[in-house]
Structures are given as C-alpha cells and as structure tokens.
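One line per chain: the protein sequences are A and B, in this order.
For the first sequence, position 84 (counting from the first letter as 1) is numbered 146 according to this note's numbering, and the numbering increases by one without interruption.
For the second sequence, position 209 (counting from the first letter as 1) is numbered 1269 according to this note's numbering, and the numbering increases by one without interruption.
Every residue, glycine too, gets a C-beta built ideally from N, C-alpha and C.
A quick note: this is a predicted structure, and the numbers were derived from the prediction, not measured.
Data first, discussion second: the structure below is written as structure tokens.
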Amino acid sequence: MNNDEIVLKVEDIHKSFGGIEVLRGVSFDVRRGETKVFIGPSGTGKSTLLRCINQLTIPDRGRVWLDGEEVTNSGARINHFRQKIGMVFQNFFLFDHLTALKNVELALLKVRGMGKAEAREKALTELRQVGMEDWANHYPAELSGGQAQRVSIARALAMDPDVILFDEPTSALDPELTREVLEVMKKLARNGMTMLVVTHEMGFACSVANEVLFMENGVVAEQGSPDLLLNDPQFTRMKDFIGRIDSRMSD
Amino acid sequence: MDQTVFLFDILLPALLQGLIVTLQLIVCSAPFGFALGIAVAVGRQYGHPVISWFCKTFVFLIKGTPLLLLLFILYFGLPSIGITFTAFTASVLGFILCNGAYNAEYIRGALISIKDGQMVAARSLGMTRWQAIKNVILPQALRRAIPGLSNEFIYLIKYSSLAYMLTVVELAGAGKQVATKYFLYTESFAAVGIVYLVLVSVTTIAVNILEKKVAIPGTVRATPAAQL
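And the structure:
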C-alpha cells in the first residue's frame, strides 16, 4: 500500500445556516491509512464538516475529491461515493426494526446487490471484527450504547469504505462503553483504515491520530501531530481549550 | 310463523348471502385501500411538491365529503360522462378511495414519527431516497400505523353497508329485505348487528396477533405502557 497516496481531498468548504457561517473555508488532504482527529469547541462546524464530505449536508462552496473523483456536484453518483465513505454517528442510528446482523446486511443486499448467503457471511465477518458476532440476532433496543455503536461501525465497514467518518462516536456513552468503542476504533486504525474522527476524547486523539486539527469558529485554527500541538510553544489555542476541559474536570 | 323456522330457514340463509357479498366488498377494497394509503402518504411526505399537493388535496376532498356522496357520483353521476360501473364496482371504487385517504393520514403520522437519523443513516450507506423509504422508513412506520389502520379497516367493514344504497345487497341490505318482507325489524337487524360484531371481533383478534407478531423486540411498543 502506498501510504503517501491521497485518498480524500477537501478544499475550501464553506457552509452557512440561516446567515450564520458555520464553516469558513476548510481544506485538508487525507492520506490512505491515516487517522485525523478533529477537536474544538461545540458549534465550530466539526460535525457539519463531516456531513459536507459525504454530502449529507451540501456545502455552499468548496469541493471534495475521493480517489481523484469529485464527490461534490456528482449528482446521482453520490450514492456510489457514499458507499466508499462510511459514517458512524453519535446516536448510532441503527435501523430499529432490524437485528444487528440485518443492519449490517441491508446495504449489502440493496445497494451492493450481493446475494443473501454472501451478504450474511460478510455481515458476520464485520460483526466479528467489532466483537458483536454473538449479538447478531439481537435488535438495537436490546443492545447497550457501546454495543449499538460497534454494530454501526460494522455496518459502515461492511461497505469496504475508503474512509470512515466518525461523528462524535462516543459522546452518547458512559466512560466504560466509550472505552469498548475506542478499542474497536484503535484496532481499525492499526489495521490501516483511513479515519476522520470528531471527538472530545483527547486520550484517543493523542494515541491514535496522525494529525489533529483544532477547529474554532469555522476554520482549522491549528493543525499538526498531537505531540506538536501539545508541546510546541508556537501552538497555544488547543492547549488552552484542553486546559479549560481539564480544569473543569478537576473541579 | 315459528321463530325457529324464520331464523334458520329465512333470515340466516339471507344473511349468509349478504355476508358473502360484504366479504367480497371488503376483500376487493382493503388491499387496494392499503396500497393507496401508502402511496398517498409517501407521496405527500416525500414526493415532489406537485405530487405532494395532489396527495394532500385528494385527502382533503375525501375527508371533507360524505362517502355516500362519492358513491352516488361514481354510480349515478359518472354515466352522464360515459363512464358506467356496476353497482359492485362503483362501491369498491368508492371504498378504496375513502379507505385509502384515511389510511394515508394514519401512515403519514407514522412516517413523521420516524426519526430523521434513520433516513440519514440509510443515505450515508449509499441508499437512494426510495431505497431508504422502502427498506428502512416504511417497515417501521407501518408497524406504528397498525392501530390506526386496523381502526380504518373496522370502519370499512361497517361502511361497506353503504353499498346497499347502490343496490348491492350486502349484509345490512339482506337484513333490510327480510325485515321489510316479514315485518320483523328488531329480530332481523339484531341478527345483522351480531354478524357485524363477530366480523369486528375477529378483526380485532387478528390485529392483536399481527401486532404481537411484528413487534420489534426490546422496544417500548412491544409492551403496554402500564407495565413500565
């Protein structure tokens, strides 16, 4: 695998909601196998940015390329790109009426057009990856938040995506469940999955991220390896932000 | 005349004939009314603005006018512009339109109740809007619509008696004919009433079984709120 290959290119994304500019020109490149973590105060457009990448939110301006093909302005082909750009949501959004197994199978059957046996096989493999094989026949309402999130990761993995977007995947979970989801994500990162992660988990960011992008007021304010942003005196804003979190936690 | 003779040799055979017609009316109307309800609800909720407007207007017109009027137009009115239906067909058409419009409202309510995240997740996997509606939204919405839809089905059982106004001798009509011929109104109509009660009871039991069968394990909807 060529690790310098740019798999996703995001260029000058702008987005306003009702006159308020949430994203004010965000650009970055993602290399294959890389994990980028987005950190920053609430309301700085991190989640909106992820949704602009797979066009769940249409940006006002700016472009996105996946493997050299333009994702923005791709018309009906967007459904092709979305298969290649997995997404994991804060509130899991599992299909409530389907078992864990069928949640993973559904898009394989309907979007990829796989046969039943093949889809089942593939779905079970992905559930095994996230340690949820034994829960394959349980419904979302019967799962803990951590289990549900792991199933939703399996659902994204099943499409063999080039990159997975994680939109605050652990923000709805207690610390213990957070840990089990982060373990799965770390494993994915180690196995070379390309990931963009919006999170407040600094520990995860420091141990897994190749690069941290600190966002503030709709732009990337600081960008670099976790080490660099935490230790280089030239960077102050993320340290301030983390400091504020830490001092709050120690209260 | 002996009551037993009247009951077993005259009234019940007549009601049986009527019951068969009533069942035919229901069987011919309900599936199409159900399908129409889904189409109109989805069209209104997810369709192009023009389609959405048509669906909304259709429901408005049906809700706003008596079914009897619709039946009269279909059977007595349309021949003047060259469209002629048998009384049975006109009745079935009227029932489908009426049943469909009300079903659409129950289904629309259920569609609205499905959280946006379900559609967002489906689209994020590369499903088209239609695939998402068909595979993710509708299966959930229809489950939630069952109580309303069953109510409407029960109405259909009862308003199928309006077909008699178009000369279709169904259950209520058969009872009326016996009643007027033998001047035994109370007995005849009470018997008719009992048959309708049985029909509705059977439906209610069937719906209960269906609801249990399709309930999603682990959800609140599977257990009565009193147990919570």
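For this session: Taking only beta-carbon positions, decide if Asp-158 (chain A) is within less than 9 Å of chain B.
Result: yes
Problem set entry | Cross-chain neighbours of Lys-172 (chain A) in chain B, by beta carbon under 8 Å | For Lys-172 (chain A), the C-beta contacts it makes with chain B under 8 Å involve Met-1187, Gln-1191 and Asn-1195, in order along the chain.
Exercise. Starting from Arg-139 (chain A) and walking both ways along the beta strand (DSSP E), at which residues does that stretch end?
Worked result: Here Arg-139 (chain A) belongs to no beta strand (DSSP E), and DSSP marks it neither H nor E.
For this session: Classify Glu-132 (chain A) as buried or exposed, calling it buried when 16 or more other Cβ atoms lie within 10 Å of its own Cβ.
Result: Answer is exposed; the Cβ neighbour count stays below 16.
Exercise. In chain order, what residues of the same chain lie with their CB nearer than 8 Å to the CB of Gln-1105 (chain B), ignoring the 5 residues before and after it?
Worked result: Ser-1112, Arg-1168, Leu-1171 and Ile-1172
Problem set entry | Where the beta strand (DSSP E) containing Glu-73 (chain A) begins and where it ends | 68 to 79
For this session: Could you say if the segment 142 to 155 of chain A and the segment 212 to 230 of chain A meet the contact criterion of at least three C-beta pairs nearer than 8 Å?
Result: Three or more beta-carbon pairs separated by less than 8 Å link the segment 142 to 155 of chain A to the segment 212 to 230 of chain A, which places the two stretches in contact.
Problem set entry | Pro-231 (chain A) vs Val-192 (chain A) beta-carbon contact at 9 Å | no
For this session: Could you round the C-beta distance between Glu-1212 (chain B) and Leu-1085 (chain B) to whole angstroms and report it? I think they count as a contact, below 8 Å.
Result: Incorrect: roughly 15 Å between the Cβ atoms, too far for contact.
Exercise. How many Å lie between Thr-1263 (chain B) and Met-176 (chain A) at the Cα?
Worked result: 39 Å
For this session: Use the C-beta contact count for Ala-1250 (chain B): other C-beta atoms within 10 angstroms, 16 or more gives buried, fewer gives exposed.
Result: Classification for Ala-1250 (chain B): exposed.
Problem set entry | Nonlocal neighbours in the same chain, by C-beta distance under 6 Å from Cys-1115 (chain B), ignoring five residues either side | Val-1100, Gly-1103 and Arg-1104
For this session: Return the CA-CA distance between Met-63 (chain A) and Asp-129 (chain A), expressed in angstroms with no decimal places.
Result: Only weak support exists for where Met-63 (chain A) lies, its pLDDT of 47 falling under 50; the coordinates are left without a value.
Exercise. When Cβ atoms are compared, which residues of the segment 1155 to 1185 of chain B fall closer than 7 Å to chain A?
Worked result: Gly-1177, Gln-1178, Val-1180, Ala-1181, Arg-1183, Ser-1184 and Leu-1185
Exercise. Using CA coordinates, which residue listed in A:Met-300, A:Arg-252 and A:Val-282 is at the minimum distance from Thr-97 (chain A)?
Worked result: A:Arg-252
Exercise. For Arg-212 (chain A), which of helix, strand or coil comes out of DSSP?
Worked result: helix
For this session: Can you give me the Cβ contacts of Val-1274 (chain B) inside the same chain, cut-off strictly under 6 Å, excluding the 5 residues immediately before and after it?
Result: Arg-1203
Problem set entry | Residue of B:Cys-1158, B:Ser-1089, B:Ala-1181 and B:Tyr-1166 minimising C-alpha distance to Phe-1118 (chain B) | Distance from the Cα of Phe-1118 (chain B) is smallest, within the candidate group B:Cys-1158, B:Ser-1089, B:Ala-1181 and B:Tyr-1166, for B:Cys-1158.
Exercise. Quick one: what's Met-149 (chain A) bridged to in DSSP?
Worked result: A:Leu-227
Exercise. Nearest to Phe-297 (chain A) by CA position, among A:Ala-181, A:Gly-305 and A:Glu-284, is which residue?
Worked result: A:Glu-284
Problem set entry | Cβ-based neighbour list, Gln-1237 (chain B), same chain, cut-off 8 Å, excluding 5 preceding and 5 following | Ala-1074 and Val-1229
Problem set entry | Contacts of Gly-1078 (chain B) in chain A (Cβ-Cβ under 9 Å) | Simply none; closest approach about 40 Å.
Exercise. If you pair each beta-carbon of the segment 234 to 242 of chain A with each one of the segment 201 to 214 of chain A, do three or more pairs fall below 8 Å?
Worked result: yes
For this session: Give every residue of the same chain whose Cβ lies closer than 7 Å to the Cβ of Ala-1054 (chain B), excluding the five residues on either side of it in the sequence, and list them in chain order.
Result: Given a span of 1061 to 1288 for chain B in the structure shown, any question on residue 1054 (chain B) remains unanswerable.
Exercise. Less than 9 Å separating the beta-carbons of Asn-1195 (chain B) and Gly-1093 (chain B)?
Worked result: no
Problem set entry | Closer than 9 Å to chain A by CB, Gly-1278 (chain B) | yes
For this session: Closer than 8 Å by beta-carbon distance: list the chain B residues that pair up with Leu-326 (chain A), in chain order.
Result: Nothing can be reported for residue 326 (chain A): it is not among the residues displayed for chain A, which extend from 63 to 313.
Exercise. For chain A, is any of its Cβ atoms less than 9 Å away from the one on Pro-1199 (chain B)?
Worked result: yes
Exercise. Is Asp-91 (chain A) helix, strand or coil when you go by DSSP?
Worked result: strand
Exercise. Between which two residues does the beta strand (DSSP E) harbouring Lys-98 (chain A) extend?
Worked result: 97 to 101
For this session: Taking Phe-1213 (chain B) as part of the alpha helix (DSSP H), name the residues at either end of that continuous run.
Result: Its alpha helix (DSSP H) spans residues 1198 to 1219.
Exercise. Would you report the Cα separation of Asp-66 (chain A) and Trp-1190 (chain B), rounded to the nearest angstrom?
Worked result: 38 Å
Problem set entry | Separation of Gly-1078 (chain B) from Ala-1147 (chain B), as counted between CA atoms | The alpha-carbon atoms of Ala-1147 (chain B) and Gly-1078 (chain B) are separated by roughly 15 Å.
Problem set entry | Limits of the unbroken beta strand (DSSP E) element including Gln-285 (chain A) | 281 to 286
For this session: Could you confirm whether any beta carbon from chain B is found closer than 9 Å to the beta carbon of Ala-251 (chain A)?
Result: no
Exercise. Which first and last residues belong to the alpha helix (DSSP H) in which Met-264 (chain A) is found?
Worked result: 264 to 270
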